Each structure stands twice: as C-alpha cells, then as structure tokens.
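Notes to accompany the following structure.
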Amino acid sequence: MPASRDTPSPAAGVFDTATPVVVLKLDDNPLHHGGLGVVRGLGRLGVPVYGVCEDPLVPTAHSRYLHGHWRWRAGEGTELDVVDGLARIVERLGRPTVVLPTDDAGAILLAEHAAELHPWLLFPRPPTDLPRKLAGKDSLYRLCREHGVPAPRTETVTTWPRARAFAASVGYPLVAKLATPWRRAGHRIPSTSVVRTPNQLGELHRAAGQPIVLQEFLPHATTPGRGQDWFLHGYLGDDPAQSPVCIGVKERSYPAAAGLTSFGRWVTNHELGQQAVELLRRTGFRGLVDMDWRWDPRDGHYKLLDCNPRLGAQFRLFSDRAGLDLAVTAYLDLTGQRVPHIAHGPDRRFVVENYDPLAAFGGWRGGRLGLREWISSLRGTEETAWFARDDLAPFGLMCLRMGWRALSRRIPVSRRPQRARAPEFHFGRAGSRRGSPIVNQPNESNTSVPS
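Counting from 1, position 280 in the sequence shown corresponds to residue 314 in the working numbering; the numbering is continuous, with no gaps.
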C-alpha cells in the first residue's frame, strides 16, 4: 500500500489555489475512481474542489478533501439542462471556476457548447467538433486514416449481414464497440467486448440499440517490452513546453483485453509519445487526453485503439513526490500559472482495488497468472485508486457498494427514469471543516441552487 499522505503535498502553498474546481461527471457511475483522484490530488494542495454525485453514498462525496458536491444526475437531462446546471453551479461559487470532465460526454458537451456556457467556467478550448470525433469509434478510425496513424481494421455495421461479412474477413476473436459509448442509457452491453464466436456477435448486435463498430483483434507479441497494451495520458496547452505526456503499460485490465486498467506501470516510450503528440497537434487538440495503443507484431507498428478527450481514470499513476499530476497541470495552465515538470517515477505502479482481484482471477482461470505472482506484483504499489490512510471513507464506501453489487447481481432492480432536476448543493467534509469559498444563499445550507 502507498505511504501515508497525512501531511499536505510538498507543492502545497507554492501555487495560487484560490480558484475552485468542479469535477464534472455526466455518466451514472458512482464507483468512478478518477474523480476521487482529482479531489485528493488538488485537495492536498489546498485547492477547493467540488464534485457532481448521483446519490448520497457515492464514495467520492465523503472524501475529506471535497469542499462540497452537487447531487445531480446530470446525464438524465438534456444538454441545455447541463448548460443551465453548470451556470447555477458557477454562480453559486461566485468566481471563475475550473471544470474538469471525467467522461467523454462531459468533454464533448464543454467543447460543443463553449459559446453558451457561463464565462466564468475555465476549460480548454479544442476545435468544437474534435472531442466527438476522438471519442467516437468510427470517427476516430477515419481520423487515423486521414493523418496516416496506424489503427486496427475497423468497420461500423448496422445490419447482421455486414457484421457477419466483416467477421469472416478478419476472423475470430474480434472486438465489438458501441459507436457512441457515451450514449449508453438503456443499453445492456459493455462499451467494448472481445467476441469469440458468431453466436456472441449475433447477441451483441441484437442488444446494442445503436450501430456497433467491429475491429480486428490485434495479437499479443512475444518480444519483451512489445507485448503489452500501452496507455498515454497528457495535457496539451498552447505552449508545448507546458504540455506533459506520460506513458504507462497496462499489466492487467478488467474485463481482460477490453476493459479499464486495473494494474498499470509508468514507463518511458519516446517513440509512442512522439507519435501520439504529432496526431494531437495536427488535429489542433487542446486539453486532457487518454489514449490506448497496442503494438502489432505483424507489421511493427503501434496502433491506436481508443482516444478519450478527457482525464483518464488511472491518471494518478503519473504523479510525483511533490504532488504534481495532470489534473494539477491543467489547473495551473487554466489559471495562468507556470506549469512545473512532472518528475518521472520509474516503474511507479497503480492498482484499482475493486477490479484487480477480478482481473487476477480471470488470469488465474486462463492459466496466465498465479496467486503468488499476483501478490508479488502488488507489493510496494505506490498508488491505489481507493485506499489512502489520510482519507479512508471513500475506500470503505467502495467496499460496501461492491459488496451490495455482488449480493444484488441476481436480483433484477429497475430504476425508473426521473425528471431532470436542478443540481442540489451539499457541503463536504473539507468545506465544513475549513470553511468554504462558496457564496451562501439566504436561508439555505444543503438545498438546491435557486434560479
């Protein structure tokens, strides 16, 4: 487990931390550990951080570093509802505010509605249509072809004959993805699946509810250092000197070969970094980015699998002893401050405690990982997604929610769609403990924001 962080980060007090931050999440995902990473990383530096949470038991809502949160199922409303809700939030904060999206839907909305959003909201300004092109699976493939970036063979299919024909041309296994994964409401399938049989492909095609994107499955190489999946996180600002890029190796994922990083390692790969930055600069991208790549041993190229125009959930892997990470980098750049260099931590490791045991179990069943090997890999892990000695409540709530999820998996639970509501503010532990910069409304403490 990581060392205790009971004291503020060494960088605390070095920067101007008066500008608050809102962590924007539109996806209904109470166990999103990326948002918690933002709250802790910036909160330890003394930045007042606020969040958007679906319900009272979201683990992040109970972090000691959160000044407050808006209880708001933002994804259930229209885009204009979200624009209006963000205006209410920033007006209550009463000052310019950095907003950091942790999902594709939020990043797309900020880009496409930038002209309509409250002028106090601070966020990167990429070309309006670019985040949607990067997040869309078919549009990303076309973007790669336009700029000469290697990518797996890809085709968007809307009919079963086309799906069957593509599968016949590339063979099994293959990869199936939702074309617009940020629009998952009502869908019963994962955003990415490894398909091994025609029957499985047929079931996915029937259940998708939207076009699906089929990709060839890239084989794993046996050459040391080339056989892993790679992920790249970065922040691209106007100044290339203040635009860090960090690269990691995805040692384990859940689900296997198609899911999020459950155990990763920080490495150096100049070739991949140069290739990725060149694509992003050519397209004019600005802001935080999370990319997945795989080395293809058949032709010796790194191939782009996915690109998310926002902060990646495992970004805290790329943090240094001073407390600097990519969320801090974005904050400093957006508030007009100097951006220091993030000191590379060789082979620094990151684990997601609620998913890595599941990934390891899958590896054990497949004969790829032994129990002793798994335990050995975890010893001395520098960064955990949930556990922190100075902030235990989110870890405890995560365990409770995972336990309830396991118990209720076989019990059908349907949640009725609710009418979109205005965001309702609740003070957090940091706000009630140290005082909050929020603008108080008359006769109001934990109530909805007035129009």
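Yeah, the Cβ is synthetic: ideal placement off N, Cα and C, and Gly gets one too. Nothing here was measured: the structure is a model prediction, and the numbers come from that model.
The region 328 to 345 and the region 261 to 271 touch, with no fewer than 3 CB-CB distances between them shorter than 8 Å. Ranking Arg-105, Glu-312, Ile-281, Gln-309 by CA distance to the CA of Gly-298 puts Ile-281 first.
In this structure, the beta-carbon distance from Leu-156 to Pro-130 falls below 8 Å. In this structure, the beta-carbon distance from Pro-90 to Leu-431 does not fall below 8 Å.
Going by beta carbons, Thr-302 and Gln-348 fall outside the 8 Å limit. Between the region 372 to 380 and the region 51 to 66, the count of C-beta pairs closer than 8 Å stays below three; the two stretches do not touch. Between Glu-407 and Trp-106, the C-beta spacing is not below 8 Å.
When only Cα atoms are considered, Arg-196 and Leu-366 end up about 48 Å apart.
As computed with DSSP, Asn-342 is found in a beta bridge with Asp-324. Listed in chain order, the non-local C-beta contacts of Val-81 below 8 Å within the same chain comprise Thr-51, Thr-53, Pro-54, Val-55, Tyr-365, local neighbours out to five positions each way being set aside. In the structure shown, Glu-110 adopts helical secondary structure according to DSSP, grouped into three states.
The region 329 to 343 makes contact with the region 168 to 178; the number of CB pairs closer than 8 Å reaches 3 or more. Beta-bridge analysis with DSSP links Cys-87 to Arg-105. Cα atoms of Gln-249 and Pro-186: separation of roughly 6 Å, rounded to the nearest angstrom. One thing to note: Leu-322 has its Cβ within 8 Å of the Cβ of Leu-345. Going by beta carbons, Leu-270 and Arg-320 fall inside the 8 Å limit.
Residue range 208 to 212 is occupied by the beta strand (DSSP E) that includes Leu-208. Take Pro-135, set aside five residues on each side of it, and the residues of its chain with a beta-carbon closer than 7 Å to its own are Leu-58, Ala-141, Leu-144, Arg-344, in chain order. Residue burial is scored here from C-beta neighbours: Glu-312 has fewer than 16 other C-beta atoms within 10 angstroms and is therefore classed as exposed. In this model, Ala-148 and Gly-400 are separated by some 47 Å (Cα to Cα). With contacts defined as CB atoms closer than 8 Å, Ser-353 and Glu-417 qualify as a contacting pair. Distance check between Glu-305 and each of Arg-316, His-335, Gly-111 places His-335 closest, using alpha-carbon atoms only. Under the DSSP assignment, Pro-391 falls in the alpha helix (DSSP H) whose first and last residues are 390 to 399. Ile-409 counts as exposed, since fewer than 16 other C-beta atoms from the protein chains shown sit within 10 angstroms of its C-beta. The alpha-carbon separation between Val-228 and Leu-441 amounts to approximately 26 Å.
Taking the C-beta atoms as reference points, Ala-139 is found no nearer than 8 Å to Val-209. Looking at Phe-384, Ser-277, Arg-443, the one whose alpha-carbon comes closest to that of Gly-414 is Phe-384. The C-beta distance from Ile-246 to Ala-213 rounds to 6 Å, short enough to meet the 8 Å contact threshold. Taking Pro-428 as the centre and dropping the five residues before and after it, the same chain places the C-beta of Leu-70, Pro-93, Thr-94, His-96, Ser-97, Trp-420 closer than 7 Å to its C-beta, in chain order.
If you draw a straight line from the Cα of Leu-151 to the Cα of Val-117, it is about 6 Å long. In the DSSP assignment, Lys-171 falls outside any beta strand (DSSP E) and lies within the alpha helix (DSSP H) extending over 171 to 180. Here Ala-199 is exposed. Its C-beta has fewer than 16 other C-beta atoms within 10 Å.
A check of alpha carbon separations from Ala-422 across Asp-333, Trp-194, His-67 identifies His-67 as the nearest. Our two residues, Arg-166 and Arg-74, have alpha carbons roughly 29 Å apart in a direct line. In the DSSP assignment, Glu-416 falls outside any alpha helix (DSSP H), carrying neither H nor E.
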